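Peer 1:
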Amino acid sequence: ILGSVGIEAVLDQLRIKAMKTGFEFNIMVVGQSGLGKSTMVNTLFKSKVWQSSLPNLELPMPQTLELHSVTHVIEEKGLKLKLTVTDTPGFGDQINNDKCWDPILSYINQQYEQYLQEELLITRQRHIPDTRVHCCVYFVPPTGHCLRPLDIEFLRRLCRTVNVVPVIARADSLTIEERDAFRSRIQQNLKTHCIDVYPQKCFDEDVNDQLLNSKIREQIPFAVVGADREHLVNGRCVLGRKTKWGIIEVENMAHCEFLLLRDLLIRSHLQDLKDITHNVHYENYRVLRLNESHL
Ligand code: GDP
Ligand code: MG
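Using this note's numbering, read the sequence shown as starting at 6 and increasing by one per residue.
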């Protein structure tokens, strides 16, 4: 008989629990300097979903010199989402980019370590604050060619440690054909070098996941444009970049794929990104560390 197990009541309890604790979600942006990472952080926060509840962020954009996190609590229907985006200084300014991934990887590992230390305490907190990076957005420069050796080296290391979603940065500099060709070449490069970006095929749980995620896998890397200014277009206020020939609207799918990125991260795959972070990436770290200390 339908409902005899009381599934509805269980779902209610889960919902109430989620309302009480809220969600913590942490994103990191990584890539060479000048590709629009800091702008994208603002774009994410300013984008329409939660605009009303946010203070205005009219800050000038200095060059990012160190790792820096911005947190906003977003509330929707009584549910709280604590969204933190960590901005990173761009690498690739040096002639020698050897080990430019070290500061990024060590930040990610430090967050795992902090979580592990909390878990290992005899009296554990009921809720361990979660600063672990749930998704790392990697900015690929819009060269139109293919991934550079530096991107490949970086991505390879990153993917072993954290969920990675690559994006084609400053996509307004590519024509539609160039975007598509570039995207296919990047997908080919990733395959050739066994770089497993999010959503990883091996973690699809059922046929539905497979269907949904294969579609996403075809669209990745998303071609994105960032902007932190608003402009009036036909009486509407839109986030966009004003050029001599018109306004590139960030939240218009006809202009770029920012919406695909935002929806993947903050809507459709938020919980999955958290689950994979906890069950796979953090677990790998934990096993490694505990084995180490038992030697
Ligand atoms: P970061 O070094 O990666 O943090 O890059 P910034 O966000 O500081 O941006 C560097 C410059 O690129 C700034 O002048 C931005 O206004 C500009 N910019 C950011 N995003 C885009 C984009 O999508 N398209 C274009 N054309 N310029 C962008
Ligand atoms: Mg920056």
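Yeah, the Cβ is synthetic: ideal placement off N, Cα and C, and Gly gets one too.
Here the structure is a predicted model, which means the values were calculated and not measured.
Using DSSP's beta-bridge definition, name the partner residues of K87.
Peer 2: For this step, residue 87 is matched to residue 82 along the sequence shown. According to DSSP, which records beta bridges pairwise, K87 is partnered with E29 and V78.
Peer 1: Could you give the residue range of the alpha helix (DSSP H) that holds V212?
Peer 2: Here residue 212 is taken as the residue at index 207 of the sequence shown, counted from 1. Where V212 is concerned, the enclosing alpha helix (DSSP H) stretches over V212 to Q224.
Peer 1: Mind checking whether the beta-carbon of K220 lies closer than 7 Å to any heavy atom of ligand 2?
Peer 2: Translated into positions along the sequence shown, residue 220 becomes position 215. No, the Cβ of K220 stays beyond 7 Å of every heavy atom of ligand 2.
Peer 1: Got a sec? Which residues, its chain only, sit under 8 Å from H299 by beta carbon, not counting five neighbours each side?
Peer 2: Mapped onto the sequence shown, residue 299 falls at position 294. Excluding sequence neighbours, H299 sits near nothing in its chain.
Peer 1: I believe V34 touches T89 by the beta-carbon criterion, under 8 Å. Please report the beta-carbon distance rounded to the nearest angstrom.
Peer 2: Walking along the sequence shown from the start, residue 34 turns up at place 29. Walking along the sequence shown from the start, residue 89 turns up at place 84. The pair is not a contact, with the Cβ atoms about 12 Å apart (cut-off 8 Å).
Peer 1: Looking at ligand 1, does it come within less than 7 Å of D185, judged from the CB to the closest heavy atom?
Peer 2: For the purposes of this step, residue 185 is taken as the residue at position 180 of the sequence shown. No, Cβ of D185 sits at least 7 Å from all heavy atoms of ligand 1.
Peer 1: In whole angstroms, what is the alpha-carbon distance linking H77 and T26?
Peer 2: Counting from 1 along the sequence shown, the entry for residue 77 is found at position 72. Counting from 1 along the sequence shown, the entry for residue 26 is found at position 21. Distance between the alpha carbons of H77 and T26 is about 15 Å.
Peer 1: Can you tell me where the beta strand (DSSP E) with F187 in it begins and where it stops?
Peer 2: Mapped onto the sequence shown, residue 187 falls at position 182. Not the beta strand (DSSP E): F187 falls in the alpha helix (DSSP H), residues I181 to T197.
Peer 1: In whole angstroms, what separates the C-alpha of G251 from that of D233?
Peer 2: One-based indexing of the sequence shown puts residue 251 at position 246. One-based indexing of the sequence shown puts residue 233 at position 228. Each residue's Cα considered, the two are about 16 Å apart.
Peer 1: Can you tell me whether K279 is buried or exposed, with buried defined as 16 or more other CB within 10 angstroms of its CB?
Peer 2: Sequence index remark: in the sequence shown, residue 279 carries index 274 (1-based). With 16 or more Cβ atoms within 10 Å of its Cβ, K279 is classed as buried.
Peer 1: Measuring CB to CB, does I200 end up less than 8 Å from F187?
Peer 2: Taking the sequence shown and counting its residues from 1, the one referred to as residue 200 is at position 195. Taking the sequence shown and counting its residues from 1, the one referred to as residue 187 is at position 182. Cβ distance not < 8 Å, so I200 and F187 don't count as in contact.
Peer 1: Which residues in the same chain have their Cβ closer than 7 Å to the Cβ of L265, if we skip the five residues on either side of it in sequence?
Peer 2: Here residue 265 refers to the residue found at position 260 when the sequence shown is read from its first residue. Hits under 7 Å: Q224 and F227.
Peer 1: How do the segment 40-50 and the segment 231-248 stand: do at least 3 beta-carbon pairs fall below 8 Å, yes or no?
Peer 2: They touch, by the three-pair rule.
Peer 1: Along the chain, which unbroken stretches of the alpha helix (DSSP H) at least 4 residues long are found entirely within the segment 143-186?
Peer 2: Listed in chain order, they are 154-166.
Peer 1: Starting from the C-beta of C140, find all residues in its chain whose C-beta is less than 7 Å away, skip the five residues before and the five after it, and write them out in chain order.
Peer 2: Taking the first residue of the sequence shown as 1, we reach residue 140 at position 135. Contacts found: I32, N168, V170, Y203, L270 and L278.
Peer 1: How many Å lie between P146 and H198 at the Cα?
Peer 2: Indexing the sequence shown from 1 puts residue 146 at position 141. Indexing the sequence shown from 1 puts residue 198 at position 193. Going by the C-alpha atoms only, they are around 18 Å apart.
Peer 1: State the start and end residues of the unbroken beta strand (DSSP E) segment that holds E235.
Peer 2: Taking the sequence shown and counting its residues from 1, one reaches residue 235 at position 230. Segment E235 to V238, the beta strand (DSSP E) holding E235.
Peer 1: Is it the case that the Cβ atoms of L163 and Y143 are separated by a distance below 8 Å?
Peer 2: For the purposes of this step, residue 163 is identified with residue 158 of the sequence shown, where counting begins at 1. For the purposes of this step, residue 143 is identified with residue 138 of the sequence shown, where counting begins at 1. For L163 and Y143, yes; Cβs fall inside 8 Å.
Peer 1: According to DSSP, is E262 helix, strand or coil?
Peer 2: Within the sequence shown, numbered from 1, the residue matching residue 262 stands at position 257. Note: E262 maps to coil in three-state DSSP.
Peer 1: From E123 to Q115, what distance separates their C-alpha atoms?
Peer 2: The residue labelled residue 123 in the question sits at position 118 within the sequence shown. The residue labelled residue 115 in the question sits at position 110 within the sequence shown. Cα to Cα, the separation comes out at about 12 Å.
Peer 1: So what does DSSP say about R232, is it helix, strand or coil?
Peer 2: Looking up residue 232 in the sequence shown gives position 227. Sequence check: residue 232 is Ala here, not Arg. A232: coil per DSSP, three-state reduction.
Peer 1: Does DSSP put E71 in a helix, a strand or coil?
Peer 2: The count along the sequence shown starts at 1 and reaches residue 71 at position 66. Three-state result, E71: coil.
Peer 1: Exposed or buried, what is V243 when buried is set at 16 or more other beta-carbons lying within 10 Å of its beta-carbon?
Peer 2: Position 238 of the sequence shown holds residue 243. Answer is buried; the Cβ neighbour count reaches 16.
Peer 1: If the criterion is Cβ atoms closer than 8 Å, does the pair G245 and I253 meet it?
Peer 2: Counted from its first residue, the sequence shown places residue 245 at position 240. Counted from its first residue, the sequence shown places residue 253 at position 248. Yes.
Peer 1: Report buried or exposed for Q56, applying the criterion of at least 16 other Cβ atoms within 10 angstroms of its Cβ.
Peer 2: In the sequence shown, residue 56 corresponds to position 51, counting from 1. Interpretation of Q56 is limited by its pLDDT of 46, a score under 50 that renders its predicted location unreliable; the figure taken from the coordinates is listed afterwards. Classification of Q56: exposed, given that the 10 Å Cβ count is below 16.
Peer 1: So, for G149: in the same chain, excluding its five sequence neighbours on each side, which residues have a beta-carbon less than 8 Å away from its beta-carbon?
Peer 2: Residue numbering aside, residue 149 sits at position 144 when the sequence shown is read from its first letter. Once the five neighbours on either side are set aside, the close Cβ partners of G149 are L179, E183, A186 and F187.
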